[in-house]
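In my numbering, the protein residues as written are 16 to 119. The next block holds one structure in the form of structure tokens; read it before the comments.
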Amino acid sequence: MATETIHLNLTMNQHGQITLPKSLRKLMGLEKGSGLKLVASPTKATIERAETIEEVLADLDAKKSPKVRAKIKQLSNKTAADLRDEYIRSAAGQKYYKEAYDLA
Numbered sequence: 016m017a018t019e020t021i022h023l024n025l026t027m028n029q030h031g032q033i034t035l036p037k038s039l040r041k042l043m044g045l046e047k048g049s050g051l052k053l054v055a056s057p058t059k060a061t062i063e064r065a066e067t068i069e070e071v072l073a074d075l076d077a078k079k080s081p082k083v084r085a086k087i088k089q090l091s092n093k094t095a096a097d098l099r100d101e102y103i104r105s106a107a108g109q110k111y112y113k114e115a116y117d118l119a
């Protein structure tokens, strides 16, 4: 990660827009369509590069326990319909539907 810091003075146009100079876009690793996160108070604003969906998912994946990872791998070749059908046929599924729908 770059440790370089740049200081820029930007001017807002008549539509309330600013342009991020190429040097800033390059420093932040921004490309067309990149997301930005803005944190503002009455006297200060901070702009950060928003995490990509890949970064968010990788972070979530890193937080999974080995047990959860193993279960995901075990179920990865099944569709939602397969999982639903298995649950319906299971003892827990049968109990749930019996109680939920007052089945005799």
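Glycine residues also receive a C-beta, built at the ideal position from the N, C-alpha and C atoms. All values reported here derive from a predicted model rather than from experimental measurement.
Segment limits, beta strand (DSSP E) that includes residue i
i, result
"Glu154", "Any answer about residue 154 is impossible in this case: the structure gives the chain only from 16 up to 119."
"Leu72", "That residue, Leu72, is in no beta strand (DSSP E); its alpha helix (DSSP H) goes Ile68 to Ala77."
Delimiting residues of the alpha helix (DSSP H) encompassing residue i
i, result
"Glu12", "The chain is shown from 16 up to 119; residue 12 falls before or after that span and cannot be answered."
"Asp97", "Ala95 to Arg104"
"Met43", "Lys37 to Met43"
Span separating the alpha-carbon of residue i from that of residue j
i, j, result
"Lys79", "Tyr116", "35 angstroms"
"Gly48", "Ser38", "17 angstroms"
"Thr20", "Ala73", "27 angstroms"
"Leu118", "Thr67", "47 angstroms"
"Arg76", "Gln29", "Here residue 76 is Asp; the residue named in the question, Arg, does not match the sequence. C-alpha separation (whole angstroms): 44 angstroms."
"Ala95", "Lys82", "20 angstroms"
"Glu70", "Met43", "15 angstroms"
"Lys41", "Asn92", "40 angstroms"
Residue i, DSSP secondary structure in three states
i, result
"Lys52", "strand"
"Leu90", "helix"
"Glu46", "coil"
"Gln109", "helix"
"Pro81", "helix"
Chain-order list of residues whose beta-carbon lies under 8 angstroms from that of residue i (same chain, five-residue window excluded)
i, result
"Leu98", "Leu90"
"Ile103", "Gln109 and Tyr112"
"Thr61", "Leu53, Val54 and Ala55"
"Leu51", "Leu45, Ile62, Glu63, Arg64 and Ala65"
Same chain, Cβ closer than 6 angstroms to residue i, neighbours up to 5 away in sequence not counted
i, result
"Leu25", "Ile33"
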